[in-house]
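Student: Chains as they are written, first to last, in the working numbering: chain R, 28 to 309; chain V, 28 to 309. Quick reminder that beta carbons are idealized off the backbone N, C-alpha and C, glycines included. Because the structure is a prediction, the values reported are computed rather than measured.
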């Protein structure tokens, strides 16, 4: 598979180049953060989705992890150089990675990016079957506990990967985390949108540990601009049959209607799904 | 600082060699595990502490993360080669790291080790001041939730690092995590031992997410051999003034008496501390 790798201060490097030392804290401690941005190439032109918002989130992750402020101009230049060299038609994932760097020879953060073709999300955008999995935390567990790193896109992502493996093992497409007090949180790599009472809803990021999803933000902002109410609220799975539908939203995979949750068929509207996807740029 | 790096299938490599690609899942997802073993060099002889127990834990981590079974003979040979080349007198950390490997060019796990001098733990072995920090989870949060990866030494370690930064920020030496229902769990990189009623106690690993600590296991096994009761139980910080003391125990830093927790002075016995440390091989 074609991929493209670039390193801050060094530019493009051959894919499969070894870049990170054995004592890099990003490797040994998951101590760092990332962001994932969609790049679309059509008619030979590359488009980067919502880069400003992603870089704002990148800055928030940096501050929350006590890493040195990142060089935004340098990152924008590196991204531009990489995207200019990317010519694979279709959708790709631009991943930005920043770690605390070497433990034994401290020399500042490790900073690199990759571009790889996105997995085909056509089917997921038509509908996914999901299961709920406990996140092990109550809905207020992340209030006043910044050391728990709630709502950050850290490199310590193994639980999300394990939850997706568990979903697949149970024959589902994806998981949606729930709190120990029974409320929906988010999918391992996607935020949540619910339509109900002619308004849009998402799960609260404050106190819950939910990551602020760029795609959800874009959809909610567009709704408000169109005069549609867009709010945060806690929902239980049992509330969903009385809504107009549940979607999970990812910068890469787009807006995916959840057609079935824990074996229960959920309300579904093709029209609403099309509208939300278009709003998000998919 | 002197350090030593070795890679499975390749042997010793120069320190600071770049070894890991930008798309290694250990780097981008914290998707892998590690173990840390003390090596002591004295009179030109290197001793590895409790390697069998550490490799058993390594195997458990592997299985829980659905990684391919690790080549124990190969790892033992790599460890022997590295330790034979290590000649720095005093205590060192042998760190074993195993990741899910490259995401885009899957070629099996990334497997490497490092040996570095241990930080001086002399002062910590005389006593630490700790604060409690919420772990965000109740004491039963990890029962029947294997996807939460409780009790595993995964590379997704950022919360532990953040908790130690928070402790230092508050003027303490270390943190001890507590559950949302108020029970002691473990320190970010150390298990817990409590002496009370002429017996030894540690925090339960089942259901709590507490990592089975090799040092705690060694101490508890030795106690049982000597006819001293050694059990698991949940303790609240408020229980501690009525005990004979609290220690945190690490394979590298040894058995450290907690002299003060959240500003409250705790019972302390120099004799018990010496006994526990000796039992653990420190």
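#1: Where do the N-terminal and C-terminal ends of the alpha helix (DSSP H) with residue 150 of chain R fall, by residue?
#2: Could you say which of V/44, V/263, V/37 and V/243 lies nearest to residue 131 of chain R if we only look at CA atoms?
#3: Would you mind sorting residue 41 of chain V into buried or exposed? The rule is 16 or more other CB atoms within 10 Å of its CB.
#4: How would you call residue 1 of chain R, buried or exposed, if buried means at least 16 neighbouring beta carbons within 10 angstroms?
#5: Output the distance between the C-alpha atoms of residue 95 of chain V and residue 128 of chain V, rounded to the nearest integer angstrom.
#6: Give me, in chain order, the residues of the same chain whose beta-carbon lies closer than 7 Å to that of residue 285 of chain V; leave out the 5 immediate sequence neighbours on both sides.
#7: Go ahead and label residue 255 of chain V buried or exposed: buried means 16 or more other beta carbons lie within 10 angstroms of its beta carbon, across all protein chains shown.
#8: Could you give the first and the last residue of the continuous alpha helix (DSSP H) run that contains residue 36 of chain R?
#9: So, residue 220 of chain R versus residue 205 of chain R, is the Cβ gap smaller than 8 Å?
#10: Using a Cβ distance threshold of 8 Å, determine whether the region 168-179 of chain R contacts the region 180-198 of chain V, with at least three qualifying pairs required.
#11: If you follow the alpha helix (DSSP H) that residue 279 of chain V is in, where does it begin and where does it stop?
#12: Label residue 166 of chain R either buried or exposed according to how many other C-beta atoms from any shown protein chain fall within 10 Å of its C-beta, with 16 as the threshold for buried.
#13: Between the region 109-119 of chain R and the region 80-98 of chain R, can you find at least three pairs of beta-carbon atoms closer than 8 Å?
#14: Since residue 122 of chain R and residue 55 of chain V are thought to touch, with beta carbons under 8 Å apart, how far apart are those beta carbons, to the nearest angstrom?
#15: Taking Cβ positions, are residue 181 of chain V and residue 71 of chain V nearer each other than 8 Å?
#16: Check the C-beta distance from residue 191 of chain R over to residue 201 of chain R and give it rounded, since I have them as a contact under 8 Å.
#17: Is the beta carbon of residue 60 of chain R less than 8 Å from the beta carbon of residue 179 of chain R?
#18: Determine, for residue 269 of chain R, whether the minimum Cβ-Cβ distance to residues of chain V falls below 8 Å.
#19: Indicate whether at least one CB of chain V lies closer than 8 Å to the CB of residue 30 of chain R.
#20: Just the C-alpha distance for residue 228 of chain V and residue 148 of chain V, rounded to the nearest angstrom, thanks.
#21: Cβ of residue 58 of chain V less than 8 Å from any chain R Cβ?
#22: Give the range of the alpha helix (DSSP H) segment to which residue 79 of chain V is assigned.
#23: Just the Cα atoms here: how many angstroms apart are residue 146 of chain V and residue 53 of chain R?
#24: Any beta carbon of chain R sitting closer than 8 Å to that of residue 46 of chain V?
#25: Can you find a CB in chain R that lies within less than 8 Å of the CB of residue 280 of chain V?
#26: Step through the CB atoms of chain R and report whether any lies within less than 8 Å of the CB of residue 176 of chain V.
Tutor: On the basis of the supplied data:
#1: As a position in the first chain, residue 150 of chain R is number 123, starting the count at 1. From DSSP, the alpha helix (DSSP H) with residue 150 of chain R extends over 149-153.
#2: In the first chain, residue 131 of chain R corresponds to position 104, counting from 1. That would be V/44, whose Cα lies nearest to the Cα of residue 131 of chain R.
#3: For the purposes of this step, residue 41 of chain V is taken as residue 14 along the second chain, with counting starting at 1. By the neighbour-count criterion, in which 16 or more other beta carbons inside 10 Å mark a residue as buried, residue 41 of chain V falls on the exposed side.
#4: Limits of chain R in this structure are 28 at one end and 309 at the other, which puts residue 1 of chain R out of reach.
#5: Residue 95 of chain V sits at position 68 when you count from the first residue of the second chain. Residue 128 of chain V sits at position 101 when you count from the first residue of the second chain. Between the alpha carbons of residue 95 of chain V and residue 128 of chain V lies a distance of about 11 Å.
#6: On the second chain, position 258 is the one that residue 285 of chain V refers to. Cβ within range, chain order: 155, 157, 273, 274, 275 and 293.
#7: The residue you call residue 255 of chain V lines up with position 228 of the second chain. Exposed, because fewer than 16 other Cβ atoms sit within 10 Å of the Cβ of residue 255 of chain V.
#8: Residue 36 of chain R sits at position 9 when you count from the first residue of the first chain. Segment: none, residue 36 of chain R is in no alpha helix (DSSP H) and carries neither H nor E.
#9: Counting from 1 along the first chain, the entry for residue 220 of chain R is found at position 193. Counting from 1 along the first chain, the entry for residue 205 of chain R is found at position 178. Going by C-beta atoms, residue 220 of chain R is not nearer than 8 Å to residue 205 of chain R.
#10: The region 168-179 of chain R and the region 180-198 of chain V touch, with no fewer than 3 CB-CB distances between them shorter than 8 Å.
#11: As a position in the second chain, residue 279 of chain V is number 252, starting the count at 1. No alpha helix (DSSP H) contains residue 279 of chain V, which DSSP labels as neither H nor E.
#12: Taking the first chain and counting its residues from 1, the one referred to as residue 166 of chain R is at position 139. Burial call: buried.
#13: no
#14: Within the first chain, residue 122 of chain R is the residue found at index 95, counting from 1. Within the second chain, residue 55 of chain V is the residue found at index 28, counting from 1. Their Cβ separation, rounded to whole angstroms, is 7 Å, which keeps residue 122 of chain R and residue 55 of chain V in contact under 8 Å.
#15: In the second chain, counting from the first residue as 1, residue 181 of chain V sits at position 154. In the second chain, counting from the first residue as 1, residue 71 of chain V sits at position 44. For residue 181 of chain V and residue 71 of chain V, no; Cβs fall outside 8 Å.
#16: Counting from one through the first chain, the residue named residue 191 of chain R turns up at place 164. Counting from one through the first chain, the residue named residue 201 of chain R turns up at place 174. Residue 191 of chain R to residue 201 of chain R, Cβ: 7 Å. Contact.
#17: Working through the first chain from its first residue, we reach residue 60 of chain R at position 33. Working through the first chain from its first residue, we reach residue 179 of chain R at position 152. With respect to the 8 Å criterion, residue 60 of chain R and residue 179 of chain R are classified as neighbours on the basis of their beta carbons.
#18: As a first step, residue 269 of chain R is located in the first chain; it is residue number 242 there, counting from the start. Chain V contact via Cβ: absent.
#19: Here residue 30 of chain R corresponds to residue number 3 of the first chain, with the count starting at 1. Closer than 8 Å: yes.
#20: The residue labelled residue 228 of chain V in the question sits at position 201 within the second chain. The residue labelled residue 148 of chain V in the question sits at position 121 within the second chain. Cα-Cα distance, rounded: 24 Å.
#21: Along the second chain, one-based indexing puts residue 58 of chain V at 31. So, interface residue.
#22: As a first step, residue 79 of chain V must be located in the second chain, where it is residue number 52. Looking at the DSSP string, the run of the alpha helix (DSSP H) that includes residue 79 of chain V is 78-91.
#23: Residue 146 of chain V sits at position 119 when you count from the first residue of the second chain. Residue 53 of chain R sits at position 26 when you count from the first residue of the first chain. Answer to the nearest angstrom: the Cα atoms are 20 Å apart.
#24: The sequence position of residue 46 of chain V within the second chain is 19, counting from 1. Residue contact with chain R for residue 46 of chain V: present (Cβ-Cβ distance below 8 Å to some residue of chain R).
#25: In the second chain, residue 280 of chain V corresponds to position 253, counting from 1. Closer than 8 Å: no.
#26: For the purposes of this step, residue 176 of chain V is taken as residue 149 along the second chain, with counting starting at 1. Closer than 8 Å to some Cβ of chain R, the Cβ of residue 176 of chain V qualifies, so yes.
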